[in-house]
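Residue numbers (my numbering): 1 to 199. We put the beta carbon where it would ideally sit given N, CA and C, even for glycine. See below for the structure under consideration.
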Amino acid sequence: MRAYIEERKNEILAISPFADLNYERAYSATSLILMFFLFSFTGWIWEVLIHIIEDGMIINRGLLLGPWLPIYGTGGVLILMLLKRWRSQPLITMGLIMLLCGTVEYITSIGLEFFFGQRWWDYSDMLFNFQGRICLEGLLIFGIGGLFFIYLIAPKIDNLLQTVSQKAKMYLCAALSFLFVVDLIRSFLSPNMGFGITG
């Protein structure tokens, strides 16, 4: 029976518009690095849009000066690297994404507060929060977004990156990494202490 179900599933996938995605693929180092920066930038855009809607202004909510939030990039890359063996089980994958992203967010919150004495986010007014550092609503968003990332977005991006020469990708990785390290050093010495950051 299991073999029959698997055969029917493969037949459906073969005629679907997502047949070429191969979400169980292994990603190259250059693809992971570039997706780290892309996801970091996407996370920054996401949070900027939230504050435009809620506060009517453009706010850089990150620690860094540049338009990237590395917590999103880190979560995205860890999802691809650590959860590969469960990709054929979406519900388990979603639960693990929530656990992984919640851990990253919690540790990041503690680290930022330890080094800088400030909080870059506080979920104390949200239902089912833990110490104001993580909350259920945020974890559900990460879980659903992570599924889209694993099964649709990352494979599409990887397909696109495979059309670019390896030399060009390495140059791009090097340039972005250099800018990121410079921003990291500058921001460690003088972090962004803008709107919404609390003592």
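- Here the stretch 101-111 makes contact with the stretch 61-74; the two share three or more CB pairs at distances below 8 Å.
- The closest CA to that of S187, considering only M35, N159, E54 and G62, is found on G62.
- Cα atoms of K167 and I157: separation of roughly 17 Å, rounded to the nearest angstrom.
- The three-state reading of DSSP puts I59 in coil, since its state is none of H, G, I, E or B.
- Non-local C-beta neighbours of W44 in its own chain, meaning closer than 7 Å and more than five positions away in sequence, comprise G62, P67, W68 and L69, ordered along the chain.
- Annotated as distal: F149 and L136, with beta-carbon spacing of 7 Å or more.
- Distance from the CA of I53 to the CA of N60, rounded to the nearest whole angstrom, comes to 14 Å.
- Following the DSSP letters along the chain, one finds D183 inside the alpha helix (DSSP H) bounded by residues Q166 to L189.
- Judged by DSSP secondary structure, A154 falls within the alpha helix (DSSP H) whose first and last residues are A154 to L161.
- In the three-state scheme derived from DSSP, where H, G and I count as helix and E and B as strand, R133 is classed as coil.
- Contact between Y123 and G117 is ruled out by a C-beta separation of about 19 Å, above the 8 Å threshold.
- For Y72, the enclosing alpha helix (DSSP H) starts and ends at P70 to L82.
- Secondary structure remark: continuous alpha helix (DSSP H) runs of at least 4 residues inside the stretch 81-118, in chain order: 90-116.
- L139 is positioned such that its CB atom lies no closer than 7 Å to that of M94.
- With contacts defined as CB atoms closer than 7 Å, L80 and L96 fail to qualify as a contacting pair.
- If you draw a 10 Å sphere on the C-beta of I144, you find fewer than 16 other C-beta atoms in it, and that means exposed.
- Annotated as distal: G76 and C101, with beta-carbon spacing of 7 Å or more.
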